[in-house]
Amino acid sequence: MRRRDVAELAGSCGLGAWTAFGVLTMVVVGHDGIPLFGDADLHSWCVAHRPDVAVALARGLTATGTGVVPFVLAALAGVVAGRTLRQRVLAVALGLACLAGGQALRYAVMTLVARPRPPLTDWATHASGWAFPSGHTTTSALTAGLLIIAVRIRAPRGRTVLTLVIGGWGALVGITRVYLGVHWFTDVGGGWLFALGWLGICLCAVAWWLPERLTPGVTDAATEPARRTAGPTGAAGSRTDTAREPKEFHASDDPGRRGRSRPA
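Take 175 as the starting number for the sequence shown in the working numbering and just add one per residue.
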């Protein structure tokens, strides 16, 4: 895709997601952090349906959404996205910066909103801090987004399946937070919206300002038409001029006219 198209699409998605996140945040703040939109009903259902096997699986899956695992996966996304060594080093640095910056900004929002978590007696795993937006959800969604971008750039075959698998992992980490009783569902929804908005802003900035030689998977709108029109020898202009030259047509001599022009 062209750099301009990537920047506009990513910026639009990021702005739309953050607009929705802002609306949800205002609703949460306006209701003093109480459960919203069926939060309490879904929480009660999860607490009442917790077999030991499901809880163990949920704990194992939710553990991949925090700590060192997301940073390792973000670095892997940078390695996959780049073509040259220089591109890979830069992509790894940008991916880690995007993840760390998103976590820091999310923590600031969480502190300002200060939404209480569900009752402690319903928790099936350890948790700390305020509830909105969910930290595990935001981190795993950002990591999944970075991996999906890398796959879409570099994998010509099977990328749809990989996209679904990676996106499913990012979504399931958020769902486990609700199932384990440490977040309301709107905390998880807020984490998804926040992650999508931050990822869109980061991708827009990279596509807009990073030099083309350092940006894998995109082309410059100014150079693409020239590449299509230039021939293998760079002489497209001369061929065009030759083709545009009018052809000279010579009428055939009339035998009768030649005969009449002879002297008697």
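Ideal Cβ placement from N, Cα and C applies to all residues, glycine included.
Note that the coordinates shown come from a computational prediction; the quantities given were computed from them, not determined experimentally.
Note that the C-beta distance between Arg289 and Trp304 is below 7 Å.
A residue is called buried when at least 16 other Cβ atoms come within 10 angstroms of its Cβ; Trp219 does not meet this threshold and is exposed. A residue is called buried when at least 16 other Cβ atoms come within 10 angstroms of its Cβ; Asp179 does not meet this threshold and is exposed. Here the C-alpha atom of Gly276 lies approximately 8 Å from the C-alpha atom of Thr313.
With 16 or more other Cβ atoms inside 10 Å of its own Cβ, Met284 counts as buried.
Apart from the 5 residues on each side of it in sequence, Ala318 sits with its Cβ closer than 7 Å to the Cβ of Ile340, Gly341, Trp343, Gly344 in its chain, given in chain order. Here Arg176 carries a strand assignment [DSSP, helix/strand/coil]. Under the three-state reduction of DSSP output, Ser308 falls in the coil class, being neither helix nor strand. The alpha carbon of Ala230 has as its nearest neighbour, out of Ala379, Cys378, Arg351, Leu377, the alpha carbon of Arg351.
A straight line joining the alpha-carbon of Ile349 with that of Trp366 spans about 11 Å.
Counting only runs that start and end inside the stretch 297–355, there is no beta strand (DSSP E) element of at least 3 residues. Assigned with DSSP and collapsed to three states, Asp226 falls in helix.
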